[in-house]
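Visitor: This is the structure I want to talk about, given as structure tokens.
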Amino acid sequence: MSKKLILFFIFHFFSILCFSQLDISIRYGKGTYMMQELKDFNSNIIQSLPVDAKIVDNFPQTGFIEGNLLYNFKAIYLGGSFIYHSTGSRISYNDYSGELKYDQIVSSYSFGPIVKFKLFKEKRVNINPYISTNIIYTDFRFEETQVIFNEEISYDTKMQSAGIIFNIGLEALYKYKWTALGVFIGYSQDTFGELYLDGQKVYNESGNQIRTNWSGIRYGLNMNFEIDFNKF
Numbered sequence: 006m007s008k009k010l011i012l013f014f015i016f017h018f019f020s021i022l023c024f025s026q027l028d029i030s031i032r033y034g035k036g037t038y039m040m041q042e043l044k045d046f047n048s049n050i051i052q053s054l055p056v057d058a059k060i061v062d063n064f065p066q067t068g069f070i071e072g073n074l075l076y077n078f079k080a081i082y083l084g085g086s087f088i089y090h091s092t093g094s095r096i097s098y099n100d101y102s103g104e105l106k107y108d109q110i111v112s113s114y115s116f117g118p119i120v121k122f123k124l125f126k127e128k129r130v131n132i133n134p135y136i137s138t139n140i141i142y143t144d145f146r147f148e149e150t151q152v153i154f155n156e157e158i159s160y161d162t163k164m165q166s167a168g169i170i171f172n173i174g175l176e177a178l179y180k181y182k183w184t185a186l187g188v189f190i191g192y193s194q195d196t197f198g199e200l201y202l203d204g205q206k207v208y209n210e211s212g213n214q215i216r217t218n219w220s221g222i223r224y225g226l227n228m229n230f231e232i233d234f235n236k237f
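Residues in the sequence shown are numbered consecutively from 6, following the numbering used here.
Right under this line is the structure:
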């Protein structure tokens, strides 16, 4: 019975595949990232230092890459999405006697289902809204470096977080044969990822839990490739 069921699903899958189009989408763009609790962590470090250190970078806009694999089912596209983000911050101070550096390095990868709707189509121009819900995993590194009269001391702490991120946006494409180029703009809402160190939750000096937050605006360039199985 189980073999017949498996064969049924395989046959059903390839039947749908043969009457659909495969859409491969690659997006490269920039994102703004909330990261408020990590920014507060930087402020606490500044206040605790006996020197006049400065925040050089504080989780600025950085590039990200996204890949989508979708099937074209009449009015909608259904498929899967994979996204990679990275950003970070740096606190720095130096004088004749040495140097201080505090780096937060944050990177994430997420994956989940995506739905894209065919809103507008006129000759070669397509406008499509999309929405995806992804599981997001974050790797966090905190690097502290002290250089005093050419003697260097460094510490490296690694933490992880996990959560759910919701992505919504709009793409505008210009199609030529089986390819398309365009732009996109969207917004991502993160559910906050609680940071863990060796299986334990991480708290700041005020007793509040430290969390990552990838919420923010996304924008950039879009490239699509279409494979029509009806033509094979």
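Note that the Cβ used here is the ideal one computed from N, Cα and C, for glycine as well. Being a predicted model, the structure only gives us computed values, none of them experimental.
1. Note down the Cα distance separating P134 from L27, rounded to an integer number of angstroms.
2. Taking 6 Å as the limit between beta carbons, can you name the residues of its chain near I136, skipping five residues before and five after?
3. Between Q151, V188, I170, which lies nearest to T143 when the distance is taken from Cα to Cα?
4. Can you name the residues that DSSP bridges to D195?
5. From E156 to Y82, what does the alpha carbon distance come to, in whole angstroms?
6. Bridge partners for Y118 per DSSP, in chain order?
7. Using DSSP bridges, identify the partner residues of N213.
8. According to DSSP, what are the bridge partners of K126?
9. For M40, which residues from the same chain have a beta carbon less than 6 Å from its beta carbon, with the 5 sequence-adjacent residues on both sides left out?
10. Rounding to the nearest angstrom, what Cα-Cα distance links Y98 and G68 in this structure?
11. Taking the alpha carbon of S113 as the point to measure from, which residue in G198, M228, F230, D62 has its own alpha carbon closest?
12. What residues are listed by DSSP as bridge partners for S91?
13. Rounded to the nearest angstrom, what separates M164 and I29 at their Cα positions?
14. So, at 8 Å on beta carbons, what are the nonlocal neighbours of Y181 in its own chain, with the 5 sequence-adjacent residues on each side left out?
15. Counting only runs of 3+ residues fully inside the region 25-91, write out the beta strand (DSSP E) ranges in chain order.
16. So, for R95: in the same chain, excluding its five sequence neighbours on each side, which residues have a beta-carbon less than 6 Å away from its beta-carbon?
17. Check the C-beta distance from N227 over to E149 and give it rounded, since I have them as a contact under 8 Å.
18. So what does DSSP say about F154, is it helix, strand or coil?
19. Taking C-beta to C-beta, are G225 and R32 nearer than 8 Å?
20. In whole angstroms, what separates the C-alpha of L200 from that of Q52?
21. Checking 8 Å against the spacing of the C-beta atoms, do G168 and D203 come in under that value?
22. Rounded to a whole number of angstroms, what is the C-alpha to C-alpha distance between L105 and G117?
23. When you compare only the Cα positions, how much space is there between S115 and N49?
24. Kindly identify the DSSP beta-bridge partner or partners of Y179.
25. Would you mind reading off the limits of the beta strand (DSSP E) that contains D233?
Guide: Result, derived from the coordinates:
1. 18 Å
2. V120, I173
3. I170
4. I170
5. About 58 Å.
6. Checking the displayed sequence, the identity of residue 118 turns out to be Pro instead of Tyr. Per DSSP, G85.
7. Partner(s): none; N213 has no beta bridge.
8. N131
9. F64, N218
10. 27 Å
11. Nearest to S113 by C-alpha distance, out of G198, M228, F230, D62, is G198.
12. S112
13. 33 Å
14. R129
15. 26-36, 59-63, 67-78
16. V61, D62, D108
17. N227 to E149, Cβ: 40 Å. No contact.
18. coil
19. yes
20. 22 Å
21. no
22. 40 Å
23. Cα to Cα, the separation comes out at about 30 Å.
24. V130, L186
25. Start and end: 221-233.
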